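Colleague:
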Amino acid sequence: MKIVLIGLTYPFRGGIAHYTSLLFTALEKSHWIKLISLKKQYPSFLFPGKTQKDVSQARIEVENEPLIHPLNPLSWFSAFSRIKKISPDLTLFQWWHPFFALSFGTLAILLKRWRRTKICFLCHNVRPHESTMLDTLLIRYAFIAPDYFIVHSEPDLKELERLKPGAKVFKIPHPIYEIFRAGKRMGHLEARKELGVDGNVVLFFGYVRRYKGLKYLLQAFPKVLREVDCTLLIVGEIYEDKEEYLQMIEQSSAKDKIRLIDQYVPNEKVALYFDAADVVVLPYVSATQSGIVQIAYGFNKPVITTRVGGIPEVVWDGETGFLTEPENGEALAETIVKFFRQMESIEFFQNIGKIKEQFDWKRMVETIERIQGESS
């Protein structure tokens, strides 16, 4: 099969760029594939982080053609011309934010009128976490032309069917991230020594926004310390309300046991934090799915998270971690304490090994092959 993949990749940073590169690598093993990537991502006023570029020494890099500027229509037509020359069986768009609706939607419409390639949108989030009416209009425009969709969770499946009744949608779990385990690794104790922590370690990982629910973990942690001696590592760039979090930490009775690393973590440093951790805690207020869960599983780490969105589809309560109620610091504290009391009696490592089989990239490739086998 000849495939054109459209999405974000290196030199941009973050989960979408990593995902696109790993998907390209998985598809390349059995299919001809060309990656058409973005020249630019968000304008600076829309991006709350320090930089959009990946400064990692260990690059996750694949061959690509950076043709698309989301705000330059001429680039959309340039990409269309390039795709026509390639004449792919399938054009596969990565979809993660309505900011790209005009560029991706218009390109998809042009391809639809050309009638020589199937069009599929692989949706990381059908709509953003903080959604507006304008977002809905943009999403509807972007979704006019695609013949098929891939989603990673039941809530996104239902949302897509609501936005586009009758759409042909395939649901498959978010694949696992094991790429960060490559290269030099430390043992559990070595990683803790490097970070200057000892005892039990709780890890919150990923950029910080309101829907991630970090404030509930900060509320819960003093209660945890009354029962279990542990350190909380908060690792990720704070995108908003930084002073609020700093104040919560400073005023917490547990502040001496809280470490904040307010920065984007380069690829080569990801393993350090996961190797040091006993458990990854994701107290989300809302989410359709989470790439952080798949990073945790890549390191065989159990996950404590909330019953929101599609998260319960990938975290087996009492087997690969624990589920608790969202926006409830008391319940979260009890769940973390329960984990440490039961961590020796539950075979988390073995259970994660079993569930990882469901998240192999081969299953994603098979789903894409099924789409190509479908009659239009």
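For the sequence shown, our numbering puts the final residue at 1661, and the numbers step up evenly by one.
Note that the Cβ used here is the ideal one computed from N, Cα and C, for glycine as well.
Predicted model, so just to flag it, every value in this text is computed and none were measured.
#1: Determine the DSSP secondary structure at residue 1599, reduced to helix, strand or coil.
#2: My assumption, with CB atoms under 8 Å, is that residue 1306 sits in contact with residue 1346. Please give the rounded CB distance.
#3: Got a sec, what are the start and stop residues for the beta strand (DSSP E) residue 1544 sits in?
#4: Under the three-state reduction of DSSP, which class applies to residue 1410: helix, strand or coil?
#5: If we ignore side chains and look at the alpha-carbon of each, how far apart do residue 1584 and residue 1657 end up?
#6: Roughly how many angstroms lie between the CA atoms of residue 1353 and residue 1621, to the nearest whole one?
#7: Measuring straight from C-alpha to C-alpha, what distance separates residue 1507 and residue 1615?
#8: From residue 1444 to residue 1541, what does the alpha carbon distance come to, in whole angstroms?
#9: Using the Cβ count rule (16 or more neighbours within 10 Å means buried), how would you classify residue 1424?
#10: Counting only runs that start and end within the stretch 1298-1328, where is the alpha helix (DSSP H) found for 4 or more residues in a row?
#11: In three-state DSSP terms, what is residue 1357?
#12: State yes or no: is the C-beta of residue 1501 within less than 8 Å of the C-beta of residue 1636?
#13: Output the residue ranges of the beta strand (DSSP E) runs that lie fully inside the stretch 1522-1573 and measure 3 residues or longer, sorted by chain position.
#14: When the distance is taken between beta carbons, is residue 1391 closer than 8 Å to residue 1373?
#15: Using a 10 Å radius around the Cβ and a threshold of 16 neighbouring Cβ atoms, would you call residue 1437 buried or exposed?
#16: Quick one: Cα of residue 1662 to Cα of residue 1418, how far?
#17: Find the nearest neighbour of residue 1631 within the set 1602, 1647, 1644, 1538, judged by alpha-carbon distance.
#18: Pick out whichever of 1653, 1415, 1599, 1611 has its Cα sitting closest to the Cα of residue 1642.
#19: What does a CB cutoff of less than 7 Å around residue 1513 pick up in its chain, not counting 5 residues either side in sequence?
#20: Can you list, in chain order, the residues of its chain whose CB lies under 6 Å from that of residue 1578, leaving out five sequence neighbours each side?
#21: Alpha carbon to alpha carbon, how far is residue 1400 from residue 1431?
#22: Taking all protein chains shown into account, do 16 or more other C-beta atoms lie within 10 angstroms of the C-beta of residue 1382, making it buried, or fewer, making it exposed?
#23: Contact between the stretch 1555-1569 and the stretch 1527-1543 is defined here as three or more beta-carbon pairs at a separation below 8 Å; is this criterion met?
#24: Mind checking residue 1357: buried by the 16 CB within 10 Å criterion, or exposed?
#25: State yes or no: is the C-beta of residue 1519 within less than 8 Å of the C-beta of residue 1377?
#26: Any chance you could list the beta strand (DSSP E) runs of at least 3 consecutive residues sitting entirely within the stretch 1595-1641, in chain order?
#27: In the DSSP assignment, find the beta strand (DSSP E) that holds residue 1516 and state where it starts and stops.
#28: At what residue ranges does the stretch 1432-1482 contain a whole run of the beta strand (DSSP E), taking only runs of 3 or more?
#29: Who pairs with residue 1350 in a beta bridge, going by DSSP?
#30: Please report the residue range of the beta strand (DSSP E) in which residue 1380 lies.
#31: By alpha-carbon positions, which one of 1458, 1524, 1386 ends up nearest to residue 1582?
#32: Could you check the C-alpha separation between residue 1406 and residue 1560 for me, to the nearest Å?
#33: Does DSSP put residue 1389 in a helix, a strand or coil?
Modeller: If we stick to the structure as given:
#1: coil
#2: 7 Å
#3: 1543-1546
#4: coil
#5: 33 Å
#6: 45 Å
#7: 10 Å
#8: 43 Å
#9: buried
#10: 1300-1313
#11: coil
#12: no
#13: 1543-1546, 1564-1567
#14: no
#15: buried
#16: Since the first residue of the chain shown is 1286 and the last is 1661, residue 1662 is not available in this structure.
#17: 1602
#18: 1599
#19: 1485, 1622, 1625
#20: 1588, 1599
#21: 12 Å
#22: buried
#23: no
#24: exposed
#25: no
#26: 1606-1609
#27: 1515-1520
#28: 1433-1436, 1453-1456
#29: 1321
#30: 1375-1380
#31: 1458
#32: 35 Å
#33: helix
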